[in-house]
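S.K.:
There are 2 protein chains.
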Amino acid sequence: MYYFKMTEPSATTIDIWIKLSRSYQAILSFIEASLKQAELPPLSWYDVLLELDRVASTAIRPFELQEKLLLPQYSLSRLLNKIEKAGYLQRLPCNEDGRGQRVVITREGKTMRKRMWAVYGAALEQAVGSKVAREDREKLLGLLKLY
Amino acid sequence: MYYFKMTEPSATTIDIWIKLSRSYQAILSFIEASLKQAELPPLSWYDVLLELDRVASTAIRPFELQEKLLLPQYSLSRLLNKIEKAGYLQRLPCNEDGRGQRVVITREGKTMRKRMWAVYGAALEQAVGSKVAREDREKLLGLLKLY
DNA sequence: CATATTTAGATGCATTTGCATTTATATATG
DNA sequence: CATATATAAATGCAAATGCATCTAAATATG
């Protein structure tokens, strides 16, 4: 009789996953709490605003943004709604595709992105930068290239 | 005039955070998808069942579980509801504290935990083990001790 | 050209989450 | 002992999420 024996992950692999999870969750909570504390929008808004700011000239399409940010389609659709309602982006009709739209950041959006970065960046430095010795950073980054 | 200049995180710090996020999200999605594919409960159930299985003899209190798993109180309360409804744990009255309860895993819960591990472990091996060279694992683990 | 298929994006609905509050019991304090 | 405070756990409600589906426009196919 044959048994299927799964390939058990090594103890180290399991530990890596646990540390990865805890680190991620701790850092994320800290960043979100910092933003909330400063009465700023959640982190997801930042990613959108940053991407829009980067390509400000070329007016990006939602489905492109989706690929960049790895968000589900419905999720991005709603996120754009909220950010638009807050006045940080505009949805413009799309000439070359009647189904689509072009999304552009507003002046207020640019300002908000900067305000968010002041808090986000500081939180990141506190939660990551100050925890990893300068000489270890490149090593960690190299090893983290799983995906 | 004085300006407040925030401590900008280094480019490497930012990259670490981005890689960390993407890796975490990719691995988690893969694990959750594997469990769903196998028609098994979500990962959060596993953590609870594992903890209960470990201390099976001593019947743990929800607030202790909360500390172990770093879950919000209301979140664990509801999670226990669902797992209980599915028959994988039992809530028993607590003699030494009338406000509290003792939570114990059932026989079915133990079986379910094992079934989940077969899938979860294999997914972990595939998503982490096979991506990190054996000789890099200890290094990565060491560097991940941020929290 | 007419019809079928695909793609971009929105949305209805059920489930889940987060927050604040509630209930009940335990502990501290006068 | 009576009352105030703290702690364990549950829950009402609003907001967020996931899934499936819908609408509209674009592209492919006969």
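Note that the protein sequences, when read in sequence, are chains F and L.
Counting in our numbering, the first sequence tops out at residue 637, every number present.
Counting in our numbering, the second sequence tops out at residue 637, every number present.
We put the beta carbon where it would ideally sit given N, CA and C, even for glycine.
1. What in chain L is Cβ-close to Gly640(F), meaning under 9 Å?
2. What's the gap between the Cα of Lys621(F) and the Cα of Ser513(F)?
3. Out of Gly619(L), Glu628(L), Ser519(L) and Glu625(L), which one is the CA nearest neighbour of Leu636(F)?
4. List, from N- to C-terminal side, the beta strand (DSSP E) runs of 3 residues or more that fit wholly inside the region 531 to 600 of chain L.
5. How big is the Cα-Cα spacing for Pro552(F) and Leu630(F)?
6. Use the C-beta contact count for Arg603(F): other C-beta atoms within 10 angstroms, 16 or more gives buried, fewer gives exposed.
7. Under 8 Å by Cβ, that's how I've got Leu566(L) and Leu555(L) pegged, so tell me the actual separation to the nearest angstrom.
8. So, at 8 Å on beta carbons, what are the nonlocal neighbours of Glu625(F) in its own chain, with the 5 sequence-adjacent residues on each side left out?
9. What residues in the region 586 to 617 of chain F have a beta carbon less than 7 Å from any beta carbon of chain L?
10. Are the C-beta of Asp543(L) and some C-beta of chain F separated by less than 8 Å?
11. Is there at least one Cβ from chain F nearer than 8 Å to Pro499(L)'s Cβ?
12. Using a beta-carbon distance below 8 Å, is Val622(L) in contact with chain F?
13. Do Ala608(L) and Ile521(L) count as a contact pair if the criterion is CB distance below 8 Å?
14. Taking 8 Å as the cut-off, decide whether the C-beta atoms of Val593(F) and Leu559(F) are in contact.
15. Buried or exposed, going by whether 16 or more other CB atoms sit within 10 Å of the CB of Ile517(L)?
16. Helix or strand or just coil, what does DSSP make of Lys621(F)?
17. Identify the contact partners of Glu628(F) in chain L, using a Cβ-Cβ distance below 8 Å as the criterion.
18. For a contact defined as C-beta to C-beta under 8 Å, what are the partners of Leu633(F) on chain L?
19. Please determine, among Gln527(L), Lys600(L), Glu615(L) and Thr502(L), the residue with the shortest C-alpha to C-alpha distance to Gly577(L).
20. Report yes if the C-beta distance between Gly611(F) and Pro499(L) is below 8 Å; otherwise report no.
21. Classify Leu582(F) as buried or exposed, calling it buried when 16 or more other Cβ atoms lie within 10 Å of its own Cβ.
22. For the alpha helix (DSSP H) holding Lys635(L), just list the boundary residues, first then last.
23. For a test of the three-state rule: what should DSSP assign to Met606(L), helix, strand or coil?
24. Does the beta-carbon of Thr497(L) have 16 or more other beta-carbons within 10 angstroms, so that it is buried, or is it exposed?
M.R.: On the basis of the supplied data:
1. Only positions 491 to 637 of chain F appear in this structure, which leaves residue 640(F) out of reach.
2. 11 Å
3. Gly619(L)
4. 579 to 583 and 591 to 595
5. 33 Å
6. buried
7. 6 Å
8. none
9. Ala608, Gly611, Ala612, Leu614 and Glu615
10. no
11. yes
12. yes
13. no
14. no
15. buried
16. coil
17. Thr502
18. Val622, Asp626, Lys629, Leu630 and Leu633
19. Lys600(L)
20. yes
21. exposed
22. Note, Lys635(L): premise wrong, no alpha helix (DSSP H); not H, not E.
23. helix
24. exposed
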